[in-house]
Every structure is written in C-alpha cells, then in structure tokens.
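A.B. asks: The sequence shown begins at 0 in numbering that gives the first Met the number 0 and counts up by one.
Built from N, CA and C at the ideal position, the CB exists for glycine as well.
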Amino acid sequence: MFLIVGLGNPEEKYARTFHNMGFLAAGDAAVKLGVKFKKKECEASVAEAYVNGEKILIARPVTYMNASGRAVKQLMNKYKLSPSELVVIYDDYDLPKGHVRIRPAGSAGTHNGMRSIIAETGCSEFARIRIGIRDPEVNIPIINYVLCNVKSEDYGLFSAACTRAAEAALALASGEDVEKVMCRYNG
Numbered sequence: 000m001f002l003i004v005g006l007g008n009p010e011e012k013y014a015r016t017f018h019n020m021g022f023l024a025a026g027d028a029a030v031k032l033g034v035k036f037k038k039k040e041c042e043a044s045v046a047e048a049y050v051n052g053e054k055i056l057i058a059r060p061v062t063y064m065n066a067s068g069r070a071v072k073q074l075m076n077k078y079k080l081s082p083s084e085l086v087v088i089y090d091d092y093d094l095p096k097g098h099v100r101i102r103p104a105g106s107a108g109t110h111n112g113m114r115s116i117i118a119e120t121g122c123s124e125f126a127r128i129r130i131g132i133r134d135p136e137v138n139i140p141i142i143n144y145v146l147c148n149v150k151s152e153d154y155g156l157f158s159a160a161c162t163r164a165a166e167a168a169l170a171l172a173s174g175e176d177v178e179k180v181m182c183r184y185n186g
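#1: Once the 5 residues before and after G105 are set aside, which same chain residues still bring their CB inside 8 Å of it?
#2: What's the call for T109, buried or exposed, on a 16-neighbour Cβ count within 10 Å?
#3: To the nearest angstrom, how far is it from the Cα of L2 to the Cα of N148?
#4: For E10, which of Y63, K37, Y49 has the nearest alpha-carbon?
#5: Determine the direct distance from the alpha carbon of A24 to that of T162, and round the result to whole angstroms.
#6: Between which two residues does the beta strand (DSSP E) carrying A126 extend?
#7: Based on DSSP bridge pairs, tell me the residues matched to R100.
#8: Contact defined as beta carbons within less than 8 Å: I believe D91 pairs with G155. What is the distance between those atoms, to the nearest angstrom?
#9: DSSP state of S47, grouped into three classes?
#10: Out of curiosity, what's the CA-to-CA distance linking A170 and A58?
#11: Just the C-alpha distance for F36 and E47, rounded to the nearest angstrom, thanks.
#12: Quick one: residues in its chain with C-beta nearer than 8 Å to the C-beta of A159, no 5 flanking neighbours on either side, listed in chain order?
#13: Express the C-alpha separation of E84 and E40 in angstroms, rounding to a whole number.
#14: Quick check on the DSSP output: the beta strand (DSSP E) that includes V4 runs from which residue to which?
#15: Straight-line CA distance for I117 to M181?
#16: Would you report the Cα separation of A43 and E136, rounded to the nearest angstrom?
#17: Kindly indicate which three-state DSSP category N148 falls into: helix, strand or coil?
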C-alpha cells in the first residue's frame with residue numbers, strides 16, 4: 000500500500016494559489032489513475048486506486064496547510080503505513096517557479112505544512128516532491144506570496160510542474176527506486 004498526500008488549503012478561494020500546488024498535483028495523480036476524491040476520512044479527502052494489485056491512496060488534508068500533519072498521521076495509523084510508503088507533494092518557495100525536486104527525506108525547510116507532518120509523525124524519512132513557486136520579480140513576504148493566485152501567464156508552467164510531480168509520485172507508488180525517479184523528474 001502507498002499514500003500520496005498533496006498539501007493545500009481546502010476552500011475554493013485557495014484553489015489557484017501557490018500554496019495549493021500539492022492539491023493540484025494530487026488531483027493530476029487521481030486523474031491519471033481514473034479515480035475521484037470520493038471519501039472523507041482522517042481529516043482528508045481521499046481517492047483510492049489499485050495499481051498492479053497494490054492499493055494507492057491519494058489524499059488532500061482538509062485541515063488547512065499548517066495542520067496537515069494531523070491528517071497524515073491519522074491515515075498512516077489507520078492503514079499501518081511506514082514512512083517508506085508515504086510521499087508528500089507541496090509548494091516550495093525556495094525553488095524557482097515551475098521546478099520539480101524529489102528527495103527521499105529531509106527537513107521541512109520554510110514550509111509549515113511539512114513542519115506539521117514531521118512534528119505529528121515524528122519522522123522526516125519519507126519521500127517528498129517539491130514544486131518551485133519563487134518568482135524573483137515578486138518581492139512580498141512569503142506568507143502573503145503563497146496565498147496569491149498564480150498569474151494567468153504562468154498557469155501553464157505550474158500545470159506542467161504539477162503533472163510532472165503527479166507522474167513522479169505514481170512512479171514512487173509503483174515501487175520505482177527513488178534515485179531513478181529523481182534522475183528522471185528533478186529539474
């Protein structure tokens with residue numbers, strides 16, 4: 000079994016913001032598997048699929064970004080998942096816009112959603128897929144920037160990045176080695 004978690008904020012007003020890149024990528028993964036977010040469980044909206052006989056859950060926490068760890072911990076406990084069966088997709092201000100970066104483990108960096116997950120699960124040894132959002136031409140505080148809507152002229156760039164992130168997450172969920180996935184999708 001494998002759990003893919005896309006981070007974001009649940010209200011419609013956040014749908015096209017930088018902070019919802021994880022939600023968008025999780026949606027792309029669900030579309031690629033032909034499933035919809037039908038269930039609400041463990042403070043998350045969940046889609047369920049089977050690939051080669053293995054169950055894959057795709058979750059979007061409904062706790063808001065800064066409390067994402069509650070939903071992740073509950074899902075991991077309910078399904079008795081280890082950190083090696085988890086991948087988290089999220090926006091990252093420390094990467095240039097449109098870049099995708101996969102890592103097998105690491106710190107939360109400047110991301111409060113990741114801080115919450117690490118604090119709640121007590122672990123940072125799980126795969127993460129970061130989608131870069133930083134625009135060097137914009138100079139406002141991060142807390143304000145992440146809640147801005149993506150500019151229409153940049154939407155194609157971010158849409159492509161979310162699609163790549165979803166593909167990388169599905170490769171990991173299918174058992175592909177993280178190093179190979181990193182080589183194929185980082186950049």
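C.D. replies: Per the coordinate set shown:
#1: Excluding sequence neighbours, G105 sits near S123, R127.
#2: exposed
#3: 28 Å
#4: Y63
#5: Straight-line Cα distance between these residues: approximately 6 Å.
#6: Looking at the DSSP string, the run of the beta strand (DSSP E) that includes A126 is 126 to 133.
#7: According to DSSP, which records beta bridges pairwise, R100 is partnered with R129.
#8: Incorrect: roughly 19 Å between the Cβ atoms, too far for contact.
#9: Residue 47 is actually Glu in this sequence, not Ser. In this structure, E47 counts as strand in the three-state DSSP scheme.
#10: Rounded to whole angstroms, the separation of the alpha carbons of A58 and A170 is 17 Å.
#11: 8 Å
#12: G97
#13: 18 Å
#14: 1 to 5
#15: 22 Å
#16: 35 Å
#17: Three-state result, N148: strand.
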